[in-house]
Amino acid sequence: MNMEELQQVFFLECEEAMVQAEAGLLALEAGAGDAETINAVFRAVHSVKGGAGAFGFGGLQAFAHRFESALALLREGSRQAEPETVRLLLVACDMLADHVGAVRDTRGPPDDAELMARLDRLVSGDGPQVSGEATAPGEAALDLDALLAALPPAASDWHVTIAPLDQALANGNEPVLLIRELARLGATITCDTSGVPPLAVFDATHARLCWHATLPASVPRAAVEEVFEFCGDTVRLSFDGAVPDDIAPAASTPPPLPVSPPPAPVQAPAQPADAPPAPPQAAEPARAAPVQNRAIRVDLQKLERLFDTVGEIVIAQSMLAQHLRGHASGAGECLGMLDALTRELQDNVMAIRAQPVAAVFSRMPRVVREVAEVTGKAVNIDISGDATELDKLVVERLAEPLTHLIRNAVDHGLEDPAARQAAGKPPTGRLQLAAGHRNGRIYITLADDGRGIDRTRVRAKAIEAGLVSADAVLTDEEIDHLIFAPGFSTAAQVSNISGRGVGMDVVRQTVKELGGRITIQSQPGLGSVFTITLPLTLAIADAMVVQVGAETLVVPLLPIVETLRATPAVLRLMGKRQMLNLRDSFIPVVDLGELHGTGTSDDGVLIVVETETAGRAALRVDAILDSRQVVIKSLEHHYRAVPSVAGATILGDGQVAVIVDVEAVVAQSLAWAKAA
Amino acid sequence: MTGQNSDQSIIGQAIMTHSIILPRALCRPELPALAAAIQHAGSGVALDGQAVERIGQAGLQLLVAACRDADACLVQPSAALRETLELCGLGHLLMGTRP
Numbered sequence: 165m166n167m168e169e170l171q172q173v174f175f176l177e178c179e180e181a182m183v184q185a186e187a188g189l190l191a192l193e194a195g196a197g198d199a200e201t202i203n204a205v206f207r208a209v210h211s212v213k214g215g216a217g218a219f220g221f222g223g224l225q226a227f228a229h230r231f232e233s234a235l236a237l238l239r240e241g242s243r244q245a246e247p248e249t250v251r252l253l254l255v256a257c258d259m260l261a262d263h264v265g266a267v268r269d270t271r272g273p274p275d276d277a278e279l280m281a282r283l284d285r286l287v288s289g290d291g292p293q294v295s296g297e298a299t300a301p302g303e304a305a306l307d308l309d310a311l312l313a314a315l316p317p318a319a320s321d322w323h324v325t326i327a328p329l330d331q332a333l334a335n336g337n338e339p340v341l342l343i344r345e346l347a348r349l350g351a352t353i354t355c356d357t358s359g360v361p362p363l364a365v366f367d368a369t370h371a372r373l374c375w376h377a378t379l380p381a382s383v384p385r386a387a388v389e390e391v392f393e394f395c396g397d398t399v400r401l402s403f404d405g406a407v408p409d410d411i412a413p414a415a416s417t418p419p420p421l422p423v424s425p426p427p428a429p430v431q432a433p434a435q436p437a438d439a440p441p442a443p444p445q446a447a448e449p450a451r452a453a454p455v456q457n458r459a460i461r462v463d464l465q466k467l468e469r470l471f472d473t474v475g476e477i478v479i480a481q482s483m484l485a486q487h488l489r490g491h492a493s494g495a496g497e498c499l500g501m502l503d504a505l506t507r508e509l510q511d512n513v514m515a516i517r518a519q520p521v522a523a524v525f526s527r528m529p530r531v532v533r534e535v536a537e538v539t540g541k542a543v544n545i546d547i548s549g550d551a552t553e554l555d556k557l558v559v560e561r562l563a564e565p566l567t568h569l570i571r572n573a574v575d576h577g578l579e580d581p582a583a584r585q586a587a588g589k590p591p592t593g594r595l596q597l598a599a600g601h602r603n604g605r606i607y608i609t610l611a612d613d614g615r616g617i618d619r620t621r622v623r624a625k626a627i628e629a630g631l632v633s634a635d636a637v638l639t640d641e642e643i644d645h646l647i648f649a650p651g652f653s654t655a656a657q658v659s660n661i662s663g664r665g666v667g668m669d670v671v672r673q674t675v676k677e678l679g680g681r682i683t684i685q686s687q688p689g690l691g692s693v694f695t696i697t698l699p700l701t702l703a704i705a706d707a708m709v710v711q712v713g714a715e716t717l718v719v720p721l722l723p724i725v726e727t728l729r730a731t732p733a734v735l736r737l738m739g740k741r742q743m744l745n746l747r748d749s750f751i752p753v754v755d756l757g758e759l760h761g762t763g764t765s766d767d768g769v770l771i772v773v774e775t776e777t778a779g780r781a782a783l784r785v786d787a788i789l790d791s792r793q794v795v796i797k798s799l800e801h802h803y804r805a806v807p808s809v810a811g812a813t814i815l816g817d818g819q820v821a822v823i824v825d826v827e828a829v830v831a832q833s834l835a836w837a838k839a840a
Numbered sequence: 482m483t484g485q486n487s488d489q490s491i492i493g494q495a496i497m498t499h500s501i502i503l504p505r506a507l508c509r510p511e512l513p514a515l516a517a518a519i520q521h522a523g524s525g526v527a528l529d530g531q532a533v534e535r536i537g538q539a540g541l542q543l544l545v546a547a548c549r550d551a552d553a554c555l556v557q558p559s560a561a562l563r564e565t566l567e568l569c570g571l572g573h574l575l576m577g578t579r580p
């Protein structure tokens with residue numbers, strides 16, 4: 165591993181540590197924490213500090229040290245986890261994240277002077293005798309020593325017992341060479357000679373020495389196991405007490421060493437192998453260690469290659485099905501099996517890429533805290549369903565839209581404490597962020613108990629901004645969706661939080677790019693619920709294969725509401741626009757044949773779709789050929805972005821078909837109609 | 482393997498000075514005879530380690546038993562012997578050794 169790779173591992177560990185630290189602090193804030201919670205936070209911050217020191221990230225190390233000093237107060241019991249203190253520690257946790265981000269992205273360090281001063285005041289207890297000297301290097305060094313001395317066992321040395329068996333001497337696996345290798349790893353060795361029999365009965369064929377090695381915490385278990393990799397069943401190893409986690413792939417773990425005790429030594433007063441020096445309670449963690457090692461880190465590119473291959477298999481399977489259709493009567497069952505296996509393979513590969521939304525949800529309390537502080541509002545956020553898993557790439561891209569939604573909810577949705585009390589609500593506003601899995605899709609909802617969308621104001625602002633005409637007849641839903649329009653803002657002033665009318669536009673755009681959609685349910689005075697619906701993956705989607713003239717097109721299943729036959733009874737011409745009368749509700753018809761210049765037959769099929777920008781519309785096609793999974797190939801990667809085309813796929817007959825960007829097609833068609 | 486010293490006899494045999502020269506390789510084949518020689522030499526035998534280049538676990542066991550049961554003492558341990566004993570946590574066998 166080179167230095168850069170080691171740093172990447174460090175940054176990953178920092179992320180994990182910060183999630184752990186924040187979770188612990190939030191538990192303390194909620195009054196649910198105990199001494200172990202504080203210890204866990206302390207350990208997390210300490211590990212960041214240790215790594216930062218090893219890599220020479222001085223700013224990060226210095227801040228982590230200061231943060232750690234403040235945490236030590238709680239740990240030692242010299243200060244209670246009062247709300248004010250925990251809030252300061254939460255802010256420090258956020259700053260720690262900023263420091264990590266700064267060194268990772270090689271940016272300048274964040275401005276932490278004020279926060280450092282606040283932490284110093286906390287550490288000095290506001291007492292004049294220490295203030296001003298707390299930052300002196302000598303003081304810091306002394307403090308560090310004290311903290312290092314108080315380190316929990318997890319970060320300390322660990323032990324392994326090596327008991328060679330008789331076969332080791334017989335097979336030429338000289339144990340002394342193995343001990344030498346352990347010493348090279350930094351082990352301190354002691355030898356238990358109590359099993360050596362008297363000289364009178366000396367037998368050179370029996371192994372009677374037993375060694376205890378103490379290893380630094382930085383040496384992983386796998387490194388020790390590697391030393392004994394080729395010993396087979398000639399040496400008995402036992403790991404005593406806590407053993408450091410190991411990130412080496414499980415595949416490289418050597419075969420388990422034998423657990424049978426060696427033969428009893430002749431006249432030996434004590435039997436080293438039968439009586440390992442580890443206390444009984446230490447045996448459990450030693451056995452549990454391999455379980456911790458079952459997780460591996462894999463380069464994402466390798467997973468992406470695997471995923472691409474699965475995509476190709478999906479295509480090949482559908483090509484095979486197409487070729488065999490009508491030719492081989494007995495192939496149906498086999499094809500069914502192949503189809504099931506392909507889907508299972510795909511699900512399993514997707515599961516590898518899947519990541520809990522907790523990775524992004526965990527960052528949201530910080531957003532809430534920051535916006536609440538700036539706006540002077542009191543806000544609690546409840547998070548649920550954060551174990552819901554999504555494609556890693558989707559999870560990563562969710563951070564931005566969720567941040568905007570939360571800022572919007574706190575800034576615009578929730579009232580200030582006085583207004584809430586006047587409205588008969590508790591002064592503290594409540595946000596609920598939840599995720600769930602339903603019908604093969606992921607739902608993420610953000611609900612607030614604020615004032616709801618002021619539709620009169622939104623409409624007036626939209627007219628003022630020229631987004632809609634003054635005489636436009638809009639449904640509540642359409643008015644609500646105006647907040648996603650580019651440049652729309654009801655904020656009177658532009659602030660750090662909102663007012664530029666950019667955020668919500670970004671939300672809609674990002675969700676759309678992720679192949680999802682966003683809807684709003686808002687009730688005046690009661691609050692709003694934003695629901696983001698996402699496909700499980702960006703690479704494979706359920707879709708309808710449709711015929712338009714001589715072309716075969718693919719329409720993603722997600723926006724499709726229903727399909728119906730295009731009979732004259734349901735179609736009505738209004739001006740130049742053909743409309744579908746769908747249970748007494750008129751929705752515009754978008755003729756895909758017309759857009760493609762191929763024309764459509766009179767007896768086509770109407771596919772009713774739900775769009776974010778233009779509400780419902782009916783896509784008119786000649787026929788629906790199939791409903792199946794398609795592998796989405798990005799045109800941008802292979803060609804260039806094409807308006808109204810979301811991508812391309814390869815059909816069973818090898819033909820390339822474009823995937824319709826439903827949102828864009830409907831918006832474009834309606835815009836043309838309006839212009840005409 | 483059968484090195485000699487001016488005032489000492491064949492390796493593995495007790496001599497008048499109660500000193501035994503340890504072989505270059507303190508490994509299994511040599512050990513039974515060496516164990517018998519040490520026992521025969523009686524208490525307080527000096528084990529001359531200056532020729533030792535290699536030592537395995539069985540050899541270490543012999544030295545442990547000899548020092549413990551025959552009150553044997555290592556003399557002039559070679560660098561290899563000294564390093565191996567210290568490495569293997571048996572540095573106490575060197576205590577009282579003569580250079």
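Protein chains in written order, with the numbering used here: chain A, 165 to 840; chain B, 482 to 580.
Glycine residues also receive a C-beta, built at the ideal position from the N, C-alpha and C atoms.
Small disclaimer: the values here were computed from a predicted structure and weren't measured.
- By alpha-carbon distance to Ala-598(A), the top candidate from Thr-609(A), Val-829(A) and Pro-590(A) is Thr-609(A).
- Close partners of Pro-328(A) in chain B (Cβ separation under 7 angstroms): Gln-538.
- The Cβ atoms of Val-558(A) and Ala-523(A) lie no closer than 8 angstroms to each other.
- Closer than 8 angstroms to the CB of Leu-543(B) there is at least one CB belonging to chain A.
- When secondary structure is reduced to three states using DSSP, Asp-580(A) falls in the coil class, being assigned neither helix nor strand.
- Asp-269(A): not part of any beta strand (DSSP E); DSSP gives it neither H nor E.
- If the five residues before and after Met-743(A) are omitted, its C-beta is found closer than 8 angstroms to the C-beta atoms of Leu-735, Arg-736, Leu-737, Phe-750, Ile-751, Pro-752 and Val-753, all from its own chain and listed in chain order.
- As computed with DSSP, Ile-788(A) is found in a beta bridge with Val-710(A).
- Using a Cβ-Cβ cut-off of 8 angstroms, Glu-338(A) is close to Gly-537 and Gln-538 of chain B, given in chain order.
- Around the CB of Val-637(A), fewer than 16 other CB atoms lie within 10 Å, so the residue is classed as exposed.
- Excluding its 5 nearest sequence neighbours in each direction, Glu-553(A) has C-beta neighbours in its own chain below 6 angstroms: Ala-518 and Pro-520, listed in chain order.
- Within the region 502-535 of chain B, the residues whose Cβ lies closer than 7 angstroms to any Cβ of chain A are, in chain order, Arg-509, Leu-512, Pro-513, Ala-516, Ile-519 and Gln-520.
- Judged by DSSP secondary structure, Asn-745(A) falls within the beta strand (DSSP E) whose first and last residues are 741-746.
- For Gln-685(A), the closest alpha carbon among the candidates Thr-639(A), Val-709(A) and Leu-722(A) is that of Thr-639(A).
- Cβ neighbours of Gly-215(A) within its own chain (closer than 6 angstroms, five residues either side excluded): Phe-174.
- Counting the other CB atoms within 10 Å of its CB gives Thr-674(A) a total of 16 or more, which places it among the buried residues.
- CA-to-CA, the gap between His-760(A) and Thr-813(A) works out to about 18 angstroms.
- The distance from the Cβ of Thr-398(A) to that of Asn-337(A) is about 5 angstroms, consistent with a contact at the 8 angstroms cut-off.
- Sixteen is the threshold: since fewer than 16 other Cβ atoms of the shown chains lie within 10 Å of the Cβ of Asp-546(A), the residue is exposed.
- With a minimum length of 4 residues, the unbroken runs of alpha helix (DSSP H) contained wholly in the region 206-285 of chain A fall at 222-240 and 247-268.
- By the CB criterion at 8 angstroms, Leu-555(B) and Leu-571(B) fall outside the cutoff.
- About 18 angstroms separates the beta carbon of Val-462(A) from that of Gln-510(A), a gap too long to meet the 8 angstroms contact definition.
- With a cut-off of 8 angstroms on Cβ pairs, the region 568-577 of chain A is in contact with the region 586-601 of chain A, counting three or more such pairs.
- Between Cys-554(B) and chain A, the shortest Cβ-Cβ separation is not below 8 angstroms.
- Cβ-Cβ separation between Glu-345(A) and Val-391(A): approximately 4 angstroms, consistent with a contact (criterion under 8 angstroms).
- When secondary structure is reduced to three states using DSSP, Gly-757(A) falls in the helix class.
- Leu-575(B) is outside the set of residues whose beta carbon lies under 8 angstroms from a beta carbon in chain A.
- Inclusion of Ala-234(A) and Ala-256(A) in the CB contact set at 8 angstroms is warranted, their separation being smaller than that value.
- About 6 angstroms separates the CB atoms of Val-769(A) and Ile-788(A); that is less than 8 angstroms, so the two are in contact.
- For Pro-807(A), the number of other beta carbons within 10 angstroms of its own is below 16, and it is reported as exposed.
- Closer than 8 angstroms to the CB of Ala-560(B) there is not a single CB belonging to chain A.
- Boundaries of the beta strand (DSSP E) around Phe-694(A): 691-699.
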